[in-house]
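Using our numbering, you'd call the opening residue of the sequence shown number -13 and step up by one each time.
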Amino acid sequence: MAIVANPHPCTIDNMTVAYHDRVVLQHASITLPAGEVMAILGPNGAGKSTLIKAALNLVPPLAGDIKFFGQPLSRVRRRVGYMPQSAEVDWDFPTTVADAVAMGTFGKLGWIKRLGAKERQAVERAMETVDITDLADRQISQLSGGQKQRTFMARILAQDPDLFIMDEPFAGVDAASERAIVNALAQLKQAGKTILIVHHDLATVRNFCTWVTLLNAGNVVATGPLSEAFTTENVHKAYGFDDLDIEPVAAGEMPGGSTC
């Protein structure tokens, strides 16, 4: 068997997913190289969240081969972090912001969930990164929408995986929270982390993404580097409208002047 020296953080090959008798994702294939930030784009119902949930086996795929760092998820689970949509989280659960962020370290602690100095420092750094240190003792049920997203962003930062998978982290956030999350993404990119993010705002894709995958009705319209896949033609195919022009990005150019 051939050994891949540097396997990609995520490869999805020919994946098909159905809910009951309705196929919602058909023969989807994407490859995410190390160190890139890939946006999953498409209209409502295109299959964006389904793509990442099926990859993580939160929704069982009908067919397809999914590998993380060249291996099944079960073998590299600690290297993969997942930030779900805010609506999927039980915000009435009685815990503080600091405790919620600390949960990100549990995967490395084994059965005894007792934080040591290293884990406490990771929690503090994560909260500082998204500017929620002053909220450490607040109950999560008392948070605003943007504060909730920053809390779960901090939790995945505390986990410190090699691959970050995020489902709509900008949904329902205010301007301050958006800036905090974008800055955190920039730091992760600079640190060599790989990011797969379900996104909805075409206008901000260039601010922090380097690769894109465009979906329409469960089909992959285009996937690849920003300069190749995020074109006016492909956006038209994915969204079904023809009144938006996407400014091209030259190969090797950093999108939007971003530090990502």
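Cβ atoms here follow ideal geometry from the backbone N, Cα and C, with glycine treated the same way.
Please read all numbers here as calculations on a predicted model, not as lab measurements.
I need the straight-line Cα distance from residue i to residue j, nearest angstrom please.
{"i": "THR180", "j": "MET1", "result": "21 Å"}
{"i": "LEU48", "j": "VAL3", "result": "5 Å"}
{"i": "ILE(-2)", "j": "ILE16", "result": "5 Å"}
{"i": "CYS(-4)", "j": "PRO19", "result": "7 Å"}
{"i": "ALA103", "j": "ALA215", "result": "44 Å"}
{"i": "ALA25", "j": "LEU182", "result": "6 Å"}
{"i": "GLY243", "j": "VAL23", "result": "Confidence at GLY243 is low in this model, with a pLDDT of 38, below 50, so the placement of that residue should be treated as unreliable; the coordinate-derived value is given next. So the two alpha carbons sit approximately 15 Å from each other."}
{"i": "ALA73", "j": "PHE55", "result": "29 Å"}
{"i": "GLU105", "j": "TYR5", "result": "39 Å"}
{"i": "VAL198", "j": "ASP187", "result": "12 Å"}
{"i": "LEU212", "j": "THR218", "result": "12 Å"}
{"i": "PHE138", "j": "HIS13", "result": "31 Å"}
{"i": "ALA88", "j": "ARG136", "result": "14 Å"}
{"i": "ALA162", "j": "LYS53", "result": "36 Å"}
{"i": "PHE114", "j": "ASN43", "result": "Phe is not the amino acid found at residue 114; the sequence shown has Glu there. Roughly 32 Å separates the two Cα atoms."}
{"i": "ARG111", "j": "ALA166", "result": "13 Å"}
{"i": "GLN145", "j": "ALA108", "result": "8 Å"}
{"i": "GLN176", "j": "VAL116", "result": "16 Å"}
Determine the extent of the beta strand (DSSP E) in which residue i is found, giving its start and end residues.
{"i": "THR218", "result": "Element bounds for THR218: not the beta strand (DSSP E) but the alpha helix (DSSP H), 218 to 225."}
Using C-beta distances below 7 Å, list every residue in its chain close to residue i, excluding the 5 sequence neighbours before and after it, in chain order.
{"i": "VAL168", "result": "ASN193 and PHE194"}
{"i": "TYR225", "result": "PRO29"}
{"i": "VAL9", "result": "THR2 and GLY204"}
{"i": "ALA86", "result": "ILE126, THR137 and ARG141"}
{"i": "ILE118", "result": "VAL83, GLN133, ARG136, THR137 and ALA140"}
How would you write the range of the alpha helix (DSSP H) that residue i sits in, first residue to last?
{"i": "ILE126", "result": "Where ILE126 is concerned, there is no enclosing alpha helix (DSSP H), given that its DSSP letter is neither H nor E."}
{"i": "ASP85", "result": "83 to 88"}
{"i": "LEU212", "result": "212 to 215"}
{"i": "ALA32", "result": "No alpha helix (DSSP H) contains ALA32, which DSSP labels as neither H nor E."}
For residue i, write down the residues that DSSP places opposite it in a beta bridge.
{"i": "THR180", "result": "LEU149"}
{"i": "LEU201", "result": "VAL206"}
{"i": "ASP(-1)", "result": "ASP51"}
{"i": "ILE26", "result": "VAL184 and THR199"}
{"i": "MET69", "result": "MET152"}
{"i": "LEU11", "result": "VAL3"}
{"i": "ILE118", "result": "In the DSSP output, where bridge partners are listed per residue, ILE118 has none listed."}
{"i": "ILE16", "result": "ILE(-2)"}
I'd like the list of long-range same chain contacts for residue i, defined as Cβ closer than 6 Å, with 5 residues on each side in sequence excluded.
{"i": "PHE227", "result": "none"}
{"i": "ILE151", "result": "ILE38, TYR68 and LEU182"}
{"i": "ASP51", "result": "ASP(-1)"}
{"i": "ALA122", "result": "VAL83 and ALA84"}
{"i": "PRO(-7)", "result": "PHE55 and GLY56"}
Consider the C-beta atom of residue i and the heavy atoms of the ligand SAH; say whether any pair is separated by less than 7 Å.
{"i": "MET89", "result": "In the structure on display, the ligand SAH does not appear, and there are no ligands present to speak of."}
Give me, in chain order, the residues of the same chain whose beta-carbon lies closer than 8 Å to that of residue i; leave out the 5 immediate sequence neighbours on both sides.
{"i": "ALA40", "result": "MET1, VAL3, LEU11, PRO46, PRO47, GLY50 and ILE52"}
Examine the Cβ distances between the region 124 to 136 and the region 152 to 162 and report whether three or more of them are shorter than 8 Å. yes
Contact the region 19 to 37 vs the region 197 to 217: 3+ CB pairs below 8 Å: yes
Using 8 Å as the Cβ pair cut-off and three pairs as the minimum, do the region 71 to 89 and the region 118 to 128 touch? yes
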